[in-house]
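Q:
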Amino acid sequence: MDYQKILNTIHEDTSYHNAIGKVASYIPELAKVDPKKFGMHLYCRNSGHYSFGDSQEKFSIQSISKVFTLTMAMQILGESLWERVDVEPSGDPFNSLTQLEYEQGVPRNPFINAGALVIADILVSNLDDPKNDLLEFVRKLSGNNEINYDLKVAESEKSTGYRNYGLVNYMKALGNIKNDVEPILDFYFHQCSLTMSCEELAKAFMLFANEGKLLGTEEKIISKERVKRINALMQTCGFYDEAGEFSFEVGLPGKSGVGGGIVAIHPSQFSVAVWSPILNPKGNSELGMAALEKLTTLTGFSIF
Ligand code: GLN
1 MDYQKILNTI HEDTSYHNAI GKVASYIPEL AKVDPKKFGM HLYCRNSGHY SFGDSQEKFS
61 IQSISKVFTL TMAMQILGES LWERVDVEPS GDPFNSLTQL EYEQGVPRNP FINAGALVIA
121 DILVSNLDDP KNDLLEFVRK LSGNNEINYD LKVAESEKST GYRNYGLVNY MKALGNIKND
181 VEPILDFYFH QCSLTMSCEE LAKAFMLFAN EGKLLGTEEK IISKERVKRI NALMQTCGFY
241 DEAGEFSFEV GLPGKSGVGG GIVAIHPSQF SVAVWSPILN PKGNSELGMA ALEKLTTLTG
301 FSIF
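Read in order, the letters of the sequence shown are residues 1 to 304 in UniProt numbering.
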């Protein structure tokens with residue numbers, strides 16, 4: 001298959017001029033990003049990698065980081081993790097507080113903010129230096145030791161993150177948060193501020209398209225069984241109240257972030273990252289979703 005030709009077609013056919021959404025502005029630092037940015041990078045399990053546009057430029061990965069922290073927490077707690085966070089799609093926005101009351105503070109899944117904050121609590125409890133361990137993990141997966149937090153973004157989110165303060169305090173009142181709220185939020189705001197390019201993200205997510213092994217060295221990082229579970233969660237919960245639409249249009253497990261990035265994987269073929277900062281009303285990249293719809297249609301590779 002001529003993947004580069006397919007990517008070129010996607011690039012030509014997906015225009016920023018047709019987008020109607022807006023760049024995220026509730027985190028002030030994100031509002032400064034150029035809305036015209038657009039890039040895509042595809043890593044194939046067996047046949048190289050391909051890209052277009054701004055695929056090498058770093059951006060704020062935001063909620064895509066929740067997949068990395070979930071993977072770390074699964075390695076620490078194993079199956080007992082599911083006592084603290086459920087595995088059901090929420091059908092609600094990513095930052096919603098409403099369902100927590102009926103569920104005694106157990107979030108619907110690890111990818112809504114409430115779930116990611118419980119995962120952050122677990123990492124803060126179990127690791128001496130969770131911010132450093134997360135950096136080391138992501139650097140290893142992407143093969144790039146330069147990956148880092150953007151402290152301006154972390155600070156910007158801290159100064160406006162009232163909902164996340166609300167979520168973590170509410171869950172603490174309901175007994176599902178063990179640490180003080182400040183170190184949990186500090187870790188969470190840092191994880192969201194990780195900056196990576198499409199190329200780095202696609203490479204890191206090959207883990208989930210390569211049975212838990214690094215691409216190239218084939219070093220085993222997580223078991224096949226855990227890859228199955230993480231991919232299932234990306235499929236059902238990776239896009240919040242748009243998870244059904246993403247399955248319908250694209251048909252791959254994936255995860256979005258309000259920085260405009262989306263990563264998706266085909267469990268045996270490829271990992272792909274796309275970035276365009278213009279978001280649709282559900283907080284997912286508008287051009288990113290359109291580009292991925294074209295990718296699975298033109299290649300015939302979706303999981304369905
Ligand atoms: N840092 C963002 C927040 O907590 C992450 C949200 C997202 O990317 N969907 O609001």
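We put the CB at the ideal spot given by N, CA and C, even for glycine.
1. Rounding to the nearest angstrom, what Cα-Cα distance links K203 and L298 in this structure?
2. Is the beta carbon of E199 within less than 7 Å of some heavy atom of the ligand GLN?
3. Examine the ligand NAP and report whether any of its heavy atoms sits within less than 7 Å of the Cβ of E157.
4. Would you decide whether Q62 is buried or exposed? Buried here means 16 or more other CB atoms lie within 10 Å of its CB.
5. Is the beta carbon of F270 closer than 8 Å to that of A232?
6. According to DSSP, what are the bridge partners of L279?
7. Applying the criterion that 16 or more other CB atoms from any shown protein chain within 10 Å of the CB defines a buried residue, is H266 buried or exposed?
8. Straight-line CA distance for F52 to A173?
9. Quick check: the region 210 to 221 against the region 242 to 256, are at least 3 beta-carbon pairs closer than 8 Å?
10. With a threshold of 16 other CB atoms inside 10 Å of the CB of S268, please say whether the residue is buried or exposed.
11. What do you reckon, are the CB atoms on K255 and M234 nearer than 8 Å?
12. Between which residues of its own chain and K131 is the CB-CB distance below 7 Å, once the five residues before and five after are set aside?
A: Judging by the given coordinates:
1. Take the alpha-carbon of K203 and the one of L298: they are about 22 Å apart.
2. no
3. In the structure on display, the ligand NAP does not appear, and the ligands it does have are the ligand GLN.
4. buried
5. Contact flag unset, no.
6. K22, S285
7. buried
8. One C-alpha to the other measures close to 48 Å.
9. Too few Cβ pairs lie closer than 8 Å, so no.
10. exposed
11. K255 is a Cβ neighbour of M234, given a cutoff of 8 Å.
12. F187, H190
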